[in-house]
DNA sequence: TTGCGGTTTCAAAAAAATTTGAAATGGTGT
DNA sequence: ACACCATTTCAAATTTTTTTGAAACCGCAA
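Chains as they are written, first to last, in my numbering: chain A, 407 to 520; chain B, 407 to 520.
What follows is the structure in structure tokens.
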């Protein structure tokens with residue numbers, strides 16, 4: 407191990423060294439799951455979709471119209487949000503109406519706090 | 407406009423149509439800035455780095471040792487976190503010690519709530 | 001000045017994510 | 001059954017992000 411500045415080194419040792427720090431971190435599963443949520447929200451268009459369907463549940467065709475993108479592009483982005491459990495769709499006749507999940511609403515609250 | 411299911415259509419109109427919904431969303435700037443933060447946290451390794459430097463400020467060499475990755479790979483990921491204003495580095499002799507920003511700490515609190 | 005250690009930068013390669021347009025699927029109406 | 005509409009799936013193309021290893025930079029010590 408290289409010679410680290412003393413205060414850093416001592417504090418690190420106090421926490422059990424690198425092993426100790428790593429042990430204090432959340433589980434790999436938790437980190438993975440959180441990063442999936444963040445990834446879904448990492449694209450402005452997907453953020454916009456989530457916030458819009460919180461404002462008002464919308465079918466894909468209205469979302470598509472609002473954003474001005476292709477059907478398949480929209481479908482891709484909706485799937486990312488769905489897979490991250492941020493939105494859910496419910497079938498009404500020919501239409502699928504998308505709205506937020508609890509988690510989706512909670513994440514939007516967080517965005518409001520910034 | 408295609409014929410949308412009536413309840414959806416009416417609620418939508420009540421909110422000023424698609425234009426009204428879009429107007430109710432945060433600014434493009436705000437969405438962009440938020441998505442940058444989410445993107446920085448979208449990669450498990452970067453999440454881990456943030457949580458570790460919250461636990462204990464660390465120099466790059468200790469982070470590198472903990473994660474077992476190359477110097478340049480680490481540098482890249484640290485830069486993503488820095489650019490998103492989640493971590494900051496301060497120079498101590500040969501070392502740069504990384505710790506969380508206020509925003510970084512706040513985001514970590516959020517992770518704890520899930 | 002030179003040598004060394006810590007860290008970043010760089011450009012090309014590799015990997016991952018996204019976009020695209022066509023095809024497929026499912027439901028409704030005639 | 002056929003036609004139409006809403007939406008997803010698919011595979012290839014495109015774009016973006018990440019990784020890689022070498023070079024460069026910076027500061028400290030002799």
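We treat Cβ as the ideally placed atom computed from N, Cα and C, and that holds for glycine.
task: Measure how close the beta-carbons of residue 465/B and residue 503/B come, nearest whole angstrom, since I'm counting them as under 8 Å.
output: Confirmed, about 5 Å.
task: In angstroms with no decimal places, state the Cα-to-Cα distance between residue 408/A and residue 418/A.
output: Note that residue 408/A scores 42 on pLDDT, short of 50, meaning its location in the model is unreliable; the coordinates nonetheless yield the value given after this. Residue 408/A and residue 418/A have their C-alpha atoms spaced approximately 13 Å apart.
message: For the pair the stretch 447-458 of chain A and the stretch 468-484 of chain A, tell me if three or more CB-CB distances fall below 8 Å.
response: As far as the Cβ criterion goes, the stretch 447-458 of chain A touches the stretch 468-484 of chain A, which means the pair count is three or higher.
Whole-angstrom distance between residue 458/B and residue 432/B, CA atom to CA atom: If I take the Cα positions, the gap works out to 32 Å.
- prompt: Taking the runs of the alpha helix (DSSP H) that are 4 residues or longer, which of them lie wholly in the stretch 411-465 of chain B?
  reply: The stretch 411-465 of chain B contains these whole alpha helix (DSSP H) runs: 412-420, 423-429, 434-446, 450-461.
Nearest-angstrom Cα separation, counted from residue 490/B out to residue 518/A: Distance between the alpha carbons of residue 518/A and residue 490/B: 18 Å.
- prompt: residue 460/B: which of 506/A, 507/A, 428/A sits nearest, CA to CA?
  reply: Ranking the options by Cα distance to residue 460/B, first place goes to 428/A.
query: With respect to the beta strand (DSSP E) encompassing residue 512/A, which residues constitute its N-terminal and C-terminal limits?
result: Following the DSSP letters along the chain, one finds residue 512/A in no beta strand (DSSP E) but inside the alpha helix (DSSP H) bounded by residues 508-518.
- prompt: Are the beta-carbon atoms belonging to residue 447/A and residue 439/B less than 8 Å from one another?
  reply: Cβ atoms of residue 447/A and residue 439/B: not closer than 8 Å.
task: Would you list, in chain order, the members of the stretch 447-463 of chain B that have their beta-carbon closer than 7 Å to a beta-carbon of chain A?
output: So the list reads 447, 448, 449, 450, 453, 454, 457, 458, 461, 462, 463, given in the order they occur along the chain.
- request: Using the Cα positions of residue 421/A and residue 443/A, report the straight-line distance between them to the nearest angstrom.
  value: One C-alpha to the other measures close to 30 Å.
Buried versus exposed, by CB contacts within 10 Å (16 or more), residue 508/B: Residue 508/B is exposed by the Cβ-count criterion.
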